[in-house]
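Each remark here refers to the structure printed beneath this line.
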């Protein structure tokens, strides 16, 4: 996963480096279209798909506004996976969910490209380390264990009074607004208020249709539902809810009980 | 093939699911940039490339505006291939051409993800079924045989008098307008009229250059030719015919004999 | 590498053809988003990434405005690699750097698709030849040796007086302006003038920050540096230098000594 886009030679350089070290490794692209330098979007994208991959998968994530600075490169071993990424908070959501076993700083120059640039450490350091790791090199070879790493403050939704208060966390290709509120928060709100029906407030509008799937609504009608990531999302069937509501990432969203 | 785009976590989730079940299967992306919910464009794209793939290929196509509704999921076995897709007409053009052996409804929950969402059946049902099929599970395992399926009415070109009358079926990246008229219809028109020269009419313009390849024309000149899909297309060398003609999908096209 | 884009059925057709001939070959996409017919951009993209790939890699590059004309198809064997491309200058930068062993014209119809179109030779001729080559067919099988090929005149930077004078060669996704001047030219300028400090002139502006990495600059400040391709590039940290300077490919750039 990178923010390199697909127009240039960046991705191919990385894959060439990997293929030269381990021609048999299988590369799956998550996306290379993370908005430039957007570590928050990268967090959510990785969080939403990593758990579907097989045990032993090595995740290489290069959204790296600090490239060439003294920011470290992390190699994180969890119970099921490896993650290689700059130490800039990119792994925050994933590492909150995963069982972390060991965190190392990638530092052993032996596994870097011979002529490493200071502007493309994805190609020159992270890709070769990922490839060597896939060849069976032990993770302790790549650098010393460290005890802490950068965390991105990702705001949590909260229950206040009769409402869950949260924000839009991500907007997908279909214009669905994915919030930081999950289904459990609605259960908690139900228990607290003894009510089972909800409506959602965003940008001064009230949305009453809380459905199980997009297909339950008429085309173009605003709805909310528990989406495929487990989070509450606001959608408009075969239409673009984001454009319709002129809502952006960060927009406040409230879900209140119906009385 | 999907309409998920490449910006989000959707494609990666599908591929993760597949890799977990069958890490050795080879995945080739057709495109993930089918216009959202556009089952007609999806038909033509799949139709134009599927026949180049090896025998035994499993095609997974998720353009699925009815996700979460009672629309069925199809598993079609043809003489050479397997196709998995929602039952919404997406396979119409392909199945008109292919020798269909058996059609099943994908229904056996044993092969779905344990926690299936109602908004992402591509990830939760279709991808795992494709992966299990690639592992050698027999197709009868996935669900009962069915006898009919949804067909999309894709308008055919017709010969009337001295003309073939058709429409623009698809516009490609270069702005070439691909019609629903093939070379055989011109042969039939020739036989009927005893004429061998044609011109093409679109949006009030007459195009006289019927060429064998783009390179026969001057840059920017409007031409028509039998394209790489076998269909008649309207092009403008190293230029965008669609923009030049302000023509869209569905636009009427006529080819008439020259007198 | 192609200019086919990712919206249509073109790439999938190529990959299907290849998979049918050699299902085990590994395909890595360089990019399919070369601007339509832009042989100059294609040159630089290929030049910037090819050397990272393993020995024996077969590069297939289809940016082919002359498709269907009498322009030849090349099969070039260098010390480490094979290159298949139309003979239109696309390989100029690469072949200037690589040690060329033999150049052939791809001509043997035995290795083409049975029904070859005149509008899609990437699919019908070049892809199958690449696939057969990957299966171990000897290169002499594909066609006769030839002694010359088309070269694209790619302007070189020059030292005049106290300056290196060059041009913008390529603009990447981040808006960084990559020039045709490399670090060695600055060394030469240093030797000639006995000065070690430089500034850069573009579009009437002087840029004084010559840095080692993006992270040395403040966000949004214009800088220049030796980029990951080895060429001098103009950047603006976490910002778009191209938009900021309203500069395009071909724009003149001068680097002068500071006095």
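Protein chains in written order, with this note's numbering: chain V, 126 to 384; chain A, 126 to 384; chain D, 126 to 384.
For each residue, glycine too, the CB sits at the ideal point set by N, CA and C.
From a predicted model like this one, the values you see are computed outputs, not experimental measurements.
Cβ neighbours of residue 171/D within its own chain (closer than 8 Å, five residues either side excluded): 126, 155, 184, 186, 215, 216, 218, 219. In this structure, DSSP gives residue 219/A a helical state, which the three-state scheme calls helix.
Per DSSP, residue 145/A is one residue of the alpha helix (DSSP H) stretching across 135-146. Of all C-beta pairs linking the stretch 145-155 of chain A to the stretch 365-373 of chain A, fewer than three are shorter than 8 Å, placing the two stretches out of contact. For residue 211/A, no alpha helix (DSSP H) run applies; the uninterrupted beta strand (DSSP E) run containing it begins and ends at 207-211, by DSSP. DSSP lists 326/V as the beta-bridge partner residues of residue 331/V. In this structure, DSSP gives residue 283/D an extended state, which the three-state scheme calls strand. A distance below 9 Å separates the beta carbons of residue 299/A and residue 360/A.
Take residue 381/V, set aside five residues on each side of it, and the residues of its chain with a beta-carbon closer than 7 Å to its own are 287, 288, 323, 324, 326, in chain order. In the same chain as residue 312/D, and ignoring 5 residues on each side of it, no C-beta atom comes closer than 6 Å to its own. DSSP places residue 307/A in the strand class (E or B) of the three-state scheme.
Cβ neighbours of residue 256/D within its own chain (closer than 6 Å, five residues either side excluded): 143, 146, 147. For residue 164/D, the three-state secondary structure derived from DSSP is helix. Neighbours of residue 131/V in chain D, taken as residues at a C-beta separation under 9 Å, are given in chain order as 131, 154, 156, 157, 158, 298.
When DSSP assignments are scanned along the stretch 164-206 of chain A, the uninterrupted stretches of alpha helix (DSSP H) that are 4 or more residues long and fall wholly within it turn out to be 164-174. At least one beta carbon of chain D lies nearer than 9 Å to the beta carbon of residue 136/V. With fewer than 16 other beta carbons inside 10 angstroms of its own, residue 330/V counts as exposed.
The Cβ atoms of residue 294/A and residue 279/A lie closer than 9 Å to each other.
Its Cα nearest to that of residue 179/A, the residue 139/D stands out among 139/D, 276/D, 346/D.
Among the CB atoms of chain V, one or more fall inside 9 Å of the CB of residue 243/A. The C-beta distance from residue 250/V to residue 198/V rounds to 6 Å, short enough to fall under 8 Å.
Ranked by Cα distance from residue 164/A, the first of 363/V, 379/V, 194/V is 363/V. The beta carbon of residue 320/A sits closer than 6 Å to those of 382, all from its chain and outside the five residues before and after it, given in chain order. Contact with chain V is found for residue 170/D, since one of that chain's Cβ atoms lies less than 9 Å from the residue's Cβ.
Listed along chain D, the residues sitting closer than 8 Å to residue 337/A by beta-carbon distance are 193, 243.
Counting only Cβ-Cβ distances below 7 Å, residue 355/A has no contacts in chain V at all, with the closest Cβ about 29 Å away. By the C-beta density criterion, residue 231/A is buried, having at least 16 other C-beta atoms within 10 angstroms. In this structure residue 177/D does not touch residue 206/D by the C-beta definition: roughly 11 Å separates them, more than the 8 Å allowed. Note that the C-beta distance between residue 350/D and residue 338/D is below 9 Å.
The alpha-carbon of residue 376/D is positioned some 37 Å away from that of residue 296/V. The continuous alpha helix (DSSP H) containing residue 254/A extends over residues 252-259. A Cβ-Cβ contact shorter than 9 Å links residue 189/V with residue 213/V. The beta carbon of residue 271/A sits closer than 6 Å to the beta carbons of 228, 230 from its chain, once the five residues preceding and following it are set aside; these are given in chain order. In the three-state scheme derived from DSSP, where H, G and I count as helix and E and B as strand, residue 372/A is classed as coil. Residue 333/V and residue 354/D have their C-alpha atoms some 55 Å from each other. Within a 10 Å sphere around the beta-carbon of residue 308/D sit fewer than 16 other beta-carbons, which makes this residue exposed.
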